[in-house]
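Novice:
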Amino acid sequence: MSQENPNQALLKVENLRVSFRVNKKDSVETVKGISFEIPRNSTVALVGESGSGKSVSSLAVMGLLPPDTSSIAAESKIIFEGRSLLELSIAERRDLCGKEISMIFQEPMTSLNPVFTVGFQIAEVLRLHMGMDAKQARKRSIELLEEVGIPDPKNKIDAYPSQMSGGQQQRVMIAMAIACEPKLLIADEPTTALDVTIQKQIIDLIDALRTKHKMSVLFITHDLALVGEIADHVIVMRNGEIREAGTVEQIFESPKDTYTQALLHCRPTLDTRPWRLPVIADFMNNNGALVEQKQRPRGLKGDEEIVLEVKDLGKSFYSREGFFGKKEFKAVEGVSFKLARGKTLGVVGESGSGKTTVGLTLMRLHQATTGQALFEGKDILSMSNKEFHHYKRRIQIIFQNPYASLNPRFTVGQILMEPMYIHNIGANDSERSAMAYQLLEKVGLPTIAFHRYPHEFSGGQRQRIAIARCLTMKPEVLVCDESVSALDVSVQAQVLNLLQDLQEEFGLSYIFISHDLAVVKYIADQVMVMNKGKVIELANSDDLYLNPTQAYTKTLLNAIPKGLQH
């Protein structure tokens with residue numbers, strides 16, 4: 001990667017202060033006077049947790065902050081190639097930020113227009129900023145799709161975003177971003193919800209494009225492990241301030257700030273499994289000292305009590321083909337496993353491998369096509385709805401997105417008490433509310449949360465509410481479907497510690513579905529690897545990670561971000 005030349009700063013940010021109005025009188029400052037530079041032909045990583053101000057800073061550079069609710073302080077400066085961006089007119093800023101500075105957003109499906117083909121959307125950029133006609137723009141769009149690794153670009157150009165996978169959607173966003181060959185590419189959490197293999201592909205692609213087009217990259221993320229694989233320089237932010245900045249070697253090998261040290265240690269690693277994952281507070285309250293912990297044993301001996309046995313589970317989806325025919329797609333085929341009481345089965349695989357379909361089918365949110373799921377010897381898949389009602393209490397699911405699974409019109413108290421009403425838990429409202437308060441305390445939330453609404457909480461807190469809702473029914477099996485994948489590493493550590501505490505206290509069994517293999521190795525006793533709807537490997541976690549037998553498993557393990565690769 002390129003080395004820093006202090007005389008060739010492409011972008012200079014000086015004393016940037018950004019405030020947001022919360023009402024007519026009051027405002028809150030989210031970015032508090034930060035200064036940094038992005039050299040030419042280099043990658044600068046902006047790292048921090050949610051709320052640190054990193055995305056707001058990038059939006060300020062792009063001129064995308066909402067003018068009616070935000071303001072940038074008069075003394076702030078954003079200088080791009082000697083031009084002050086804050087002094088440009090709206091039209092000049094739009095032209096510059098579409099052509100010379102471009103941005104890849106975190107969630108491609110909310111950034112791509114679902115009613116237009118991907119080819120139309122790429123071509124629109126070329127027509128607006130490069131003055132191409134329709135024929136030229138289409139030809140160049142095909143070339144761009146090919147450059148970012150979209151298979152069969154001549155046909156895919158006419159596909160809609162919904163017809164592409166998450167990784168392909170993100171590649172389309174990258175194609176749009178590099179269409180005008182910008183000098184600065186801002187990538188805002190471009191790999192957060194992607195599988196490890198797709199994540200590695202996107203990281204490698206951005207790095208290759210940076211080298212090819214001789215552009216600079218501002219890479220925004222909360223995952224320091226990723227930073228080591230792509231960045232030349234690192235800026236660590238917290239609460240709107242820069243805590244530390246330096247070369248990637250300095251940050252990884254000799255971090256000076258306690259907060260940076262904490263971020264580096266919060267994420268699970270493949271070579272250790274401490275009894276509890278350290279969280280930010282552990283470092284901040286202990287002056288950066290890492291307390292030695294005993295290692296947590298994982299694995300099955302073979303004599304454990306089996307709470308759930310799945311035999312030859314299959315799930316097919318059908319689509320219309322022609323006037324009278326239908327086409328079968330086997331999402332899950334011949335899946336069998338045993339879940340031991342008080343233990344965790346990790347289920348890993350790329351998007352489309354069938355891992356989430358397994359969880360939803362076991363919950364009867366999908367109707368199984370074949371197979372059995374024996375809970376205490378009874379097949380819960382073939383039961384009537386009336387029979388299964390009793391078992392709903394005992395098998396629960398935590399979804400990936402807590403905000404989408406929590407009713408925004410209910411207070412947290414109502415969310416927790418609703419399942420109690422349905423399943424006749426508690427004699428009266430007083431008893432139910434007392435149980436809800438106990439559960440809030442159990443998952444580490446204050447009692448005041450009982451009267452608040454989901455939108456008033458952070459992502460990690462909402463996930464704790466979702467866990468508390470599951471616990472209202474005192475389940476024996478919890479299906480965790482990507483339940484920590486979108487969380488900051490520090491919040492992720494808190495939720496994983498909570499799940500372990502609850503497992504020890506209540507003897508819960510988990511089916512832990514995730515694309516993050518480092519997290520799975522930390523929390524799982526057994527790991528089941530899925531590919532194209534089938535189980536290709538099943539073993540104790542330590543055995544599988546040390547001696548994988550399948551090439552696909554080895555590919556997944558090799559794609560795990562390992563930090564500094566220089």
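What the sequence shown shows, in UniProt numbering, is residues 1 to 566, in sequence order. Here a beta-carbon is modelled for each residue, glycine too, at the ideal position from N, C-alpha and C. It should be emphasised that the depicted structure is a prediction, and the values quoted were computed from it without experimental measurement.
(1) Considering only the beta carbon of each residue, do residue 595 and I251 sit closer than 8 angstroms?
(2) To the nearest whole angstrom, what separates the beta carbons of L11 and L184, a pair I think is in contact under 8 angstroms?
(3) Under 6 angstroms Cβ to Cβ from P6, same chain only, skipping five residues before and after it: list those, please.
(4) Inspect the CB distances between the stretch 145–152 and the stretch 169–177 and report whether three or more fall short of 8 angstroms.
(5) Can you name the residues that DSSP bridges to Q526?
(6) For a test of the three-state rule: what should DSSP assign to M237, helix, strand or coil?
(7) My assumption, with CB atoms under 8 angstroms, is that V236 sits in contact with V248. Please give the rounded CB distance.
(8) Using C-beta distances below 6 angstroms, list every residue in its chain close to G240, excluding the 5 sequence neighbours before and after it, in chain order.
(9) Does DSSP put P6 in a helix, in a strand, or in coil?
(10) Leaving aside the five residues before and after Q461 along the sequence, list all residues of the same chain whose C-beta is less than 8 angstroms from its C-beta, in chain order.
(11) Taking the alpha helix (DSSP H) that P153 falls in, what are its first and last residues?
(12) Starting from G334, follow the beta strand (DSSP E) in both directions and report where the run begins and ends.
(13) Work out the CA separation of A466 and S405 for me, nearest whole Å.
(14) Just grab the DSSP bridge partners of D379 for me.
(15) For V118 and K474, what's the separation of their Cα atoms in angstroms?
(16) Check whether the Cβ of M130 sits closer than 7 angstroms to any heavy atom of the ligand FAD, and report yes or no.
(17) Starting from E37 and walking both ways along the beta strand (DSSP E), at which residues does that stretch end?
(18) To the nearest angstrom, how far is it from the Cα of D379 to the Cα of V335?
(19) Quick one: any contact between the stretch 423–432 and the stretch 366–378, if contact means 3 or more CB pairs under 8 angstroms?
(20) Between A123, L313, D271 and Y318, which lies nearest to R296 when the distance is taken from Cα to Cα?
(21) In the DSSP assignment, what are the bridge partners of G314?
(22) Contact defined as beta carbons within less than 8 angstroms: I believe residue 590 pairs with A493. What is the distance between those atoms, to the nearest angstrom?
(23) Quick one: Cα of E441 to Cα of Q500, how far?
(24) With 16 other CB atoms within 10 Å as the buried threshold, where does D158 fall?
(25) Identify whether A559 lies in helix, strand or coil by the three-state DSSP scheme.
(26) With a CB to CB cut of under 6 angstroms and the five nearest residues on each side skipped, what residues in its chain are close to A559?
(27) Can you look up A551 in the DSSP assignment and give me helix, strand or coil?
(28) In this structure, how does DSSP classify E14 when only helix, strand and coil are distinguished?
(29) Apart from the five residues just before and just after residue 652, which ones in its own chain have a Cβ nearer than 6 angstroms to its Cβ?
(30) Mind pulling the beta strand (DSSP E) runs of 3 or more residues that sit fully within the stretch 194–238?
(31) Contact defined as beta carbons within less than 8 angstroms: I believe S57 pairs with L46. What is the distance between those atoms, to the nearest angstrom?
(32) Give every residue of the same chain whose Cβ lies closer than 6 angstroms to the Cβ of L264, excluding the five residues on either side of it in the sequence, and list them in chain order.
(33) So, does the stretch 297–305 touch the stretch 330–350, judging by three or more C-beta pairs under 8 angstroms?
(34) Let's test the definition: count the other Cβ atoms within 10 Å of the Cβ of F317 and tell me whether it reaches 16, buried, or not, exposed.
(35) Could you give the C-beta distance for S165 and S351, rounded to a whole number, given that I count them as a contact under 8 angstroms?
(36) Taking three-plus beta-carbon pairs below 8 angstroms as touching, is the stretch 539–551 in contact with the stretch 522–531?
Specialist: By the coordinates alone:
(1) Absent from the structure is residue 595, since the part of the chain shown begins at 1 and ends at 566.
(2) 6 angstroms
(3) Note on P6: pLDDT 48, under 50, position unreliable in the model; no value is reported.
(4) yes
(5) L345 and N540
(6) Strand.
(7) V236 to V248, Cβ: 11 angstroms. No contact.
(8) For G240, same chain residues with a beta-carbon under 6 angstroms away, outside a window of 5 residues either side, are T30, V31, K32 and G53 in chain order.
(9) With a pLDDT of only 48 at P6, under 50, the local geometry of the prediction cannot be trusted, and the value read off the model is given with reservation. The answer is coil: DSSP assigns P6 none of H, G, I, E or B.
(10) L445 and A449
(11) P153 to K156
(12) In this chain, the beta strand (DSSP E) harbouring G334 covers G325 to A340.
(13) 8 angstroms
(14) L374
(15) 47 angstroms
(16) Within the structure as shown, the ligand FAD is missing, as the structure has no ligands at all.
(17) S27 to P39
(18) 15 angstroms
(19) no
(20) D271
(21) T370
(22) The question about residue 590 has no answer here: the residues shown for the chain are numbered 1 through 566.
(23) 16 angstroms
(24) Result: exposed.
(25) coil
(26) V196, T197 and K200
(27) helix
(28) strand
(29) Nothing about residue 652 can be read from this structure; the chain reaches only from 1 to 566.
(30) 216–221 and 233–238
(31) 7 angstroms
(32) Excluding sequence neighbours, L264 sits near L224.
(33) yes
(34) exposed
(35) 6 angstroms
(36) yes
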